[in-house]
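In the UniProt record's numbering, the protein residues as written are 1 to 213. Virtual Cβ for every residue (Gly too), placed ideally from N, Cα, C. What you are looking at is a predicted structure, and each value in this text was computed from that prediction instead of being measured.
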């Protein structure tokens, strides 16, 4: 008796119940709905926009450093040359030339604007979909590009005359005498052009970010 029960228990096999057609249909329908939803609502591109905003912030700091260097270098440029006695001297200063004065004012304004734009750039990092802030920045960046480029170009023309002179108008080169003066104003002009180029990159970067918005 016991042996027959044990043999019957040993001979039991598991019975696999195949899935019904309705269950398979439901699974396929759910997978189709998920695929359609994913295609209709692609994942947000916040990471790309946040990376662009961070790069914009870094470029603004670089432009600020260049504009401040140009302002400080040109604004502190002054050299005196003794002639015969200590009471009779030749002096060269940035405020002797209107182009250099305009250069200092323009780069000081650019520096102030870049400082004020940093909080807006931080907001653009936090809120990647804030198109209004990006549009405001690109407008003022474009104005500053023209302003800074005009000041740097005017100063570059004076620096060229200081180095080479102009024989047709009897303008003599003064850099052989005022060597330190010419080196400082030349460095200031280079720094201002660097700031202008960075501002151009900021305009292009903001335009691309708005185009992809």
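With C-beta atoms as the reference, is residue i less than 9 Å away from residue j?
{"i": "residue 118", "j": "residue 57", "result": "yes"}
{"i": "residue 121", "j": "residue 50", "result": "no"}
{"i": "residue 99", "j": "residue 67", "result": "no"}
{"i": "residue 52", "j": "residue 209", "result": "yes"}
{"i": "residue 195", "j": "residue 70", "result": "yes"}
{"i": "residue 211", "j": "residue 77", "result": "no"}
{"i": "residue 188", "j": "residue 103", "result": "yes"}
{"i": "residue 92", "j": "residue 181", "result": "yes"}
{"i": "residue 64", "j": "residue 114", "result": "yes"}
{"i": "residue 74", "j": "residue 156", "result": "no"}
{"i": "residue 140", "j": "residue 79", "result": "no"}
{"i": "residue 106", "j": "residue 169", "result": "no"}
Tell me the residue span of the alpha helix (DSSP H) that contains residue i.
{"i": "residue 77", "result": "Residue 77 -> no alpha helix (DSSP H), and no H or E assigned at all."}
{"i": "residue 141", "result": "131-164"}
{"i": "residue 206", "result": "179-211"}
{"i": "residue 114", "result": "98-126"}
Between residue i and residue j, which are expected to be in contact by the criterion C-beta below 8 Å, what is the C-beta distance as a whole number of angstroms?
{"i": "residue 192", "j": "residue 151", "result": "6 Å"}
{"i": "residue 203", "j": "residue 133", "result": "No, residue 203 and residue 133 are not in contact; Cβ-Cβ is about 15 Å, not under 8 Å."}
{"i": "residue 97", "j": "residue 158", "result": "6 Å"}
Look up residue i in the DSSP assignment and give the residues it is bridged to.
{"i": "residue 171", "result": "166"}
{"i": "residue 92", "result": "79"}
Should residue i be counted as a contact of the ligand SAM given a C-beta to heavy atom distance under 8 Å?
{"i": "residue 180", "result": "With respect to the ligand SAM, the structure shown offers nothing to examine, as it has no ligands at all."}
| Between the region 194-210 and the region 136-148, do three or more beta carbon pairs fall short of 8 Å? | The region 136-148 and the region 194-210 touch, with three or more beta-carbon pairs separated by less than 8 Å.
| task | Mind the definition here: the region 167-184 touches the region 124-140 only if three or more C-beta pairs lie below 8 Å; say whether that holds. | result | Cβ pair count under 8 Å is below three, so no.
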